[in-house]
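Residue numbers (our numbering): 202 to 379.
Glycine is no exception: its CB is placed at the ideal position from the N, C-alpha and C atoms.
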């Protein structure tokens, strides 16, 4: 693309993408799936989260993004400690449980309390135990930075992946490389 045509594109685009357009474009980026958990006075709380990343090795920091209008995240932020539970490929039931706004997410689930006082989910690939370091407001979400207190790498199975609005990569064979 020439400089002139690129400038033309940049100057003719006058509107920001819609939420639908943003969601569609971002669905082309595959991400892992986690469940963020915390323990409130009322019991365990948690939510499914695909926006998780390592930030720094020294000091050890991670980040995730959460809708600040959600039910669980504001409570976890107030508590100040949380665990990031990294889901395995075969944990679709766990993902559905924590991805829903209905029901009791921990009902019938064999979770344990970690040494850091947060819910540790069973049979996950890894757990990252953290305390809230800082939170930045970004549009309709918060960017939460967590200071890592402890790590557990628990399995060698394949991770759960979210791609193009679905979990897993099994249906990607028909997608062209363009």
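Secondary structure of residue 360 (DSSP, three-state): strand. In chain order, 262, 263, 264, 265, 283, 285, 329, 331, 332, 333 and 334 place their CB closer than 8 Å to the CB of residue 347, counting only its own chain and leaving out the 5 sequence neighbours on each side.
Of the candidates 366, 350, 359 and 318, the residue whose Cα lies closest to the Cα of residue 287 is 359.
In this model, residue 311 and residue 295 are separated by some 11 Å (Cα to Cα).
With respect to the 9 Å criterion, residue 244 and residue 238 are not classified as neighbours on the basis of their beta carbons. Counting only runs of 3 or more residues that sit fully inside the segment 318 to 343, the beta strand (DSSP E) segments are 327 to 339, in chain order.
Restricting attention to 356, 219, 291 and 338, the CA atom closest to the CA of residue 278 is found in 338. Beta-bridge analysis with DSSP links residue 238 to 247 and 284.
When rounded, the separation of the alpha-carbon atoms in residue 227 and residue 316 is 36 Å. Counted as a single uninterrupted DSSP element, the stretch harbouring residue 231 is not any alpha helix (DSSP H), since DSSP gives it neither H nor E.
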